[in-house]
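Using our numbering, the letters of the sequence shown correspond one by one to residues 7 to 334. Positions of the beta carbon are idealized from the N, C-alpha and C atoms, including for glycine. On a predicted model such as this, the values are computed, not experimentally measured, just so you know. For reference, the structure discussed in these notes is given below.
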Amino acid sequence: MLTLIEAMHILGTRVRAVRQSLYERQVLRGWLTNFASAWAFYFATYFLHLGQQLEPVPSQLYVGCRYLLGLLVFGSLFLRHSRRPSITWRRADYLILRGLYNLAALLCFYRSVEQGQTGRANVLNMTYPAFVAIFAGPMLGERVRARTFFLVALSVGGIVLNFYNPGTGPGFSAGNFWGLLSGVTAGVAVVALRGAATRSSGTEILTWMFAMGSLLLIPINLRYIVDSGIPATAGYIFVSSGFGVIGQWWLTASYRHLDAATGSIVSTTRIPIAVLMGYLFLAEPFVALPWAGAAVILTCNVLLAFQVRAEKLGGGPSTGYARPPANA
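Here it is in structure tokens:
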């Protein structure tokens, strides 16, 4: 009998070890997939920048192509896995809000890349966690804690530093303005996403998002193509769109193995990726104050994510951005 008990104990220990190993592999897969999505989202702006250097075209062409490609991919998944692919109006309020503000955020983001630098555009777009913390209160009725206000204020300081221009000092820049506006609208979009996630699946939300953007942009982009012809940089437009959709796919897949706070922290790596890649490969200048501002924003995003995790583990009020992922 003693031998049998020992054997069962050994078997149980090995089973637990195998489970732990599988769990760690899944978490590592989630980290790597999320990190890869940050690179993909950056390369979407990288090829947008290269294309605009060869032939300047309205940036909504890049947005429209990305939305059409996304609709093809995620719409196919939605129709394939949904037995009854219908959406009731009871569930449409947050879906519509999510779709409109995500479209506005991407248009502003790409306009920022078009008129400014890819590094600063990505940094200012990644300010959205601070605006999520601001908008979550009035939109979702969540209580915002004093610590969150402090982190948001610190993030605003980082934003101000990014408006510093070498030679002229602090001042207005169209590219920076559009980048900041993309962060604000993305913040609203993520809060709306949290509301939509209580009623709809992730694939359904993404299908609505890409469908709404496609329908709104098709008439505008078709008119441009009819008047001016197919751009010579169509290849850049398609590659940029492909990276955007792949990034969305990887980001969504990563949250199967990561909690919201961890995923948000890993996603924030797009800030150093964009700043360093812009400096090394796009000849974007090194300016100390904006780089310091990027570091401040990165730090605030990480601290906000840690605060969300601590509040969830402690049962406190959620004040940050939570799952599901569908931003960039």
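Quick check: VAL119 and ILE303, are their CB atoms within less than 8 Å of each other?
no
Checking 8 Å against the spacing of the C-beta atoms, do PHE53 and VAL245 come in under that value?
yes
Any contact between the region 127-143 and the region 213-223? By contact I mean 3 or more CB pairs, one from each, below 8 Å.
no
My output table needs one value for TYR170: the three-state DSSP class, helix, strand or coil.
strand
Measure the alpha-carbon distance for THR268 versus ARG104 and round it to whole angstroms.
23 Å
Can at least three beta-carbon pairs, one atom from the region 269-282 and one from the region 35-42, be found at a separation below 8 Å?
yes
Backbone secondary structure at PHE292 - three-state DSSP:
coil
Among residues of its own chain, excluding the 5 on either side of GLY147, which ones have a beta-carbon nearer than 7 Å to its beta-carbon?
none
Using the Cα positions of GLY76 and SER82, report the straight-line distance between them to the nearest angstrom.
10 Å
Taking DSSP as the reference, what is the three-state secondary structure of THR325?
The predicted model places THR325 with a pLDDT of 40, which falls under 50 and marks its position as unreliable; any figure quoted below should be read in that light. Here THR325 sits in coil by DSSP.
Relative to the C-alpha of GLN313, which candidate in ARG31, MET132, ALA136 has its C-alpha closest?
ALA136
Relative to the C-alpha of ARG31, which candidate in SER260, ILE252, ALA240, ALA294 has its C-alpha closest?
SER260
Flag this pair as touching only if the region 107-122 and the region 181-190 have three or more C-beta atom pairs under 8 Å; answer yes or no.
yes
Give me the Cα-Cα distance between THR284 and ASN171, rounded to the nearest whole angstrom.
Strictly speaking, residue 284 in this sequence is Gly, with Thr absent from that position. One C-alpha to the other measures close to 16 Å.
Determine the DSSP secondary structure at GLU120, reduced to helix, strand or coil.
helix
Assuming ASN227 and LEU67 make a contact with CB atoms under 8 Å, what is their CB distance in whole Å?
6 Å
Runs of 4 residues minimum, wholly inside the region 138-171: which ones carry the alpha helix (DSSP H) assignment?
152-167
Cβ separation of TRP184 and ALA46, assumed to be a contact under 8 Å, to the nearest whole Å:
The pair is not a contact, with the Cβ atoms about 21 Å apart (cut-off 8 Å).
Is ILE236 helix, strand or coil when you go by DSSP?
coil
How would you call ARG149, buried or exposed, if buried means at least 16 neighbouring beta carbons within 10 angstroms?
exposed
THR239 and GLY57 closer than 8 Å at C-beta
yes
In terms of residues, what are the limits of the alpha helix (DSSP H) holding VAL197?
180-203
When you compare each of GLY250, ALA127, ALA195 to PRO278 by their alpha carbons, which one comes out closest?
ALA127
Among ALA294, LEU221, TYR134, nearest to LEU106 - alpha-carbon criterion
LEU221
With burial defined as no fewer than 16 other Cβ atoms inside 10 Å of the residue's Cβ, what is the status of ILE236: buried or exposed?
exposed
Classification of ARG276 by the beta-carbon crowding that lies within 10 angstroms, buried from 16 upward
buried
Spatial neighbours of HIS55 within its chain, please: CB distance less than 7 Å, with the 5 preceding and 5 following residues excluded, ordered by chain position.
VAL119, THR124, LEU288
In whole angstroms, give me the CA-to-CA distance for TYR73 and ILE243.
12 Å
Inter-residue spacing [alpha-carbon to alpha-carbon] between LEU78 and GLY208
15 Å
Note down, in chain order, each residue of its chain lying with its Cβ closer than 8 Å to the Cβ of GLY122, except the 5 sequence neighbours on either side.
SER179, ALA180, GLY181, ASN182, TRP184, GLY185
Can you list the alpha helix (DSSP H) stretches of 4 or more residues lying completely in the region 56-116, in chain order?
66-87
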